[in-house]
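**Student:** Below is a structure I'd like to ask you about.
Next up, the structure:
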């Protein structure tokens with residue numbers, strides 16, 4: 027008797043999506059094919075430096091958010107295919123996909139509409155920059171951390187001040203030490219900037235913009251730590267720097 031092959035998580039999810047949406051299995055499987063995103067690259071860089079626990083937590087969060095995102099992608103696919111011909115199907119299917127996405131997040135302890143998963147990715151980026159600040163050449167680790175940051179200072183402001191599922195403190199930034207190389211110094215400055223941004227309270231627009239400016243500072247220094255021109259590939263951060271910070275990164 028031939029034993030059935032164990033299904034991968036991708037094939038299991040593809041079958042579940044097919045059952046809910048009625049889309050062809052090959053279409054569903056393509057949606058579920060694993061790819062390495064910025065979270066995965068950071069996890070790999072953390073593993074290389076021995077920060078395995080942080081890497082494992084990041085990979086677990088990445089798997090959950092990817093599954094939720096795949097469900098929403100499937101709902102969008104149905105909408106694109108049938109919105110003009112079967113609106114009832116689109117409405118029904120999209121609601122089911124939203125429910126499945128929410129269930130995936132809920133099982134992992136995430137709220138459906140929150141920045142908590144991204145906040146945990148920022149925790150990992152902070153630890154990566156802290157570690158890079160202790161190395162003679164932590165450019166690879168700093169680059170992986172830099173890639174976590176989205177080119178949207180206001181959104182970064184929200185994420186850095188959002189709590190994760192478990193208690194996390196940025197206070198370790200105070201005691202960071204390491205080589206006086208330009209890369210290490212920049213990495214430590216980036217980590218310290220993240221800590222300052224995280225400490226800005228949620229109150230109003232003034233604090234929102236304050237934390238956004240500090241995150242631009244963090245991304246500037248993270249770019250330097252990665253061996254890249256400051257804010258390269260971050261045009262919105264550059265705009266924020268020019269319009270709200272007088273084009274000046276504080277020297278601290």
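Residue numbers (this note's numbering): 27 to 278.
The beta carbon of each residue, even a glycine, is placed where N, CA and C say it ideally should be.
Predicted, not measured: the structure shown is a model, and the values here were computed from it.
Got a sec, what are the start and stop residues for the alpha helix (DSSP H) residue 99 sits in?
**Tutor:** 78-108
**Student:** For residue 276, does the count of other Cβ atoms within 10 angstroms reach 16, so buried, or fall short, so exposed?
**Tutor:** exposed
**Student:** For residue 193, I'd like the list of residues in its chain whose CB is within less than 8 Å of its CB, leaving aside the five on either flank, ordered along the chain.
**Tutor:** none
**Student:** Excluding five sequence neighbours on each side, which residues of the same chain lie with their C-beta closer than 7 Å to the C-beta of residue 159?
**Tutor:** 202, 204, 210, 213, 214, 217
**Student:** Excluding sequence positions up to five away, which residues of its chain have a Cβ less than 7 Å from the Cβ of residue 219?
**Tutor:** 240, 243, 244, 247
**Student:** How long is the line joining the alpha carbons of residue 206 and residue 161, rounded to whole angstroms?
**Tutor:** 10 Å
**Student:** Give the single residue among 78, 260, 75, 123 whose Cα lies nearest to the Cα of residue 102.
**Tutor:** Between residue 102 and the set 78, 260, 75, 123, the nearest pair of CA atoms involves 123.
**Student:** Could you tell me whether the region 64-75 touches the region 167-182, using the rule of 3 or more Cβ pairs below 8 Å?
**Tutor:** When C-beta atoms of the region 64-75 are compared with those of the region 167-182, three or more pairs fall below 8 Å, so the two segments count as touching.
**Student:** Counting only the same chain and skipping the five closest in sequence on each side, list residues whose C-beta sits under 6 Å from that of residue 268.
**Tutor:** none
**Student:** Buried or exposed for residue 24, going by 16 or more other Cβ atoms inside 10 Å?
**Tutor:** Residue 24 is absent from the model: the chain starts at 27 and stops at 278.
**Student:** With the cut-off set at 8 Å, would you say residue 237 and residue 223 are in Cβ contact?
**Tutor:** yes
**Student:** I'd like to know whether the C-beta atoms of residue 151 and residue 174 end up nearer to each other than 8 Å.
**Tutor:** yes
**Student:** By how many angstroms is the C-alpha of residue 253 removed from the C-alpha of residue 131?
**Tutor:** 36 Å
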